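So the structure is just underneath, and the comments pick up after that.
Numbering (UniProt numbering), first residue to last: 1 to 95.
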């Protein structure tokens, strides 16, 4: 199982649009047949910071997700609403 963990810092003025885009991205990603889980969470001590945790059975299934139409459309929109795009991307295998 491949686990993807990434963080973003959202600009205050973009929070509403970010939540709209991320809700759609999470919903569509979680509906992918190979997705083992797709979550985004907001830090309790900093409302502008979010983490994404994704579970994919194989690296190929994650790559297929990255090639999906909804990812190609929504991910760039999400990045534009953040301070510095996606940070701290960690890809690892579940043990």
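All residues carry an ideal CB built from backbone N, CA and C; glycine is no exception. A quick note: this is a predicted structure, and the numbers were derived from the prediction, not measured.
### Query
Out of curiosity, what's the CA-to-CA distance linking residue 2 and residue 58?
Locating residue 2 in the chain shown gives position 2, where the first residue counts as 1. Locating residue 58 in the chain shown gives position 58, where the first residue counts as 1. So the two alpha carbons sit approximately 6 Å from each other.
### Query
For the alpha helix (DSSP H) that residue 24 lies in, which residues bound it at each end?
On the chain shown, residue 24 is found 24 positions in, with the first residue counted as 1. 15–30 is the extent of the alpha helix (DSSP H) around residue 24.
### Limits of the unbroken beta strand (DSSP E) element including residue 68
Here residue 68 is taken as the residue at index 68 of the chain shown, counted from 1. No beta strand (DSSP E) holds residue 68; DSSP gives it neither H nor E.
#### Entry: First through last residue of the beta strand (DSSP E) which encompasses residue 47
Your numbering for residue 47 matches position 47 in the chain shown. Segment: none, residue 47 is in no beta strand (DSSP E) and carries neither H nor E.
### Message
In this structure, how does DSSP classify residue 73 when only helix, strand and coil are distinguished?
### Response
Counted from its first residue, the chain shown places residue 73 at position 73. Correct three-state label for residue 73: helix.
### Task
Closer than 8 Å by C-beta to residue 81: which residues in its own chain qualify, once you throw out the five before and the five after it? Chain order, please.
Numbered from its first residue, the chain shown carries residue 81 at position 81. Counting only Cβ-Cβ distances below 8 Å, and skipping sequence neighbours, we find 10, 11, 14, 17, 18 and 21.
### Message
If the criterion is Cβ atoms closer than 8 Å, does the pair residue 89 and residue 30 meet it?
### Response
Here the question's residue 89 lines up with position 89 in the chain shown. Here the question's residue 30 lines up with position 30 in the chain shown. The answer is no: Cβ separation not under 8 Å.
### Task
Just tell me which of 50, 77, 64 and 24 has its CA closest to the CA of residue 33.
Residue numbering aside, residue 33 sits at position 33 when the chain shown is read from its first letter. Closest option to residue 33, Cα to Cα, is 64.
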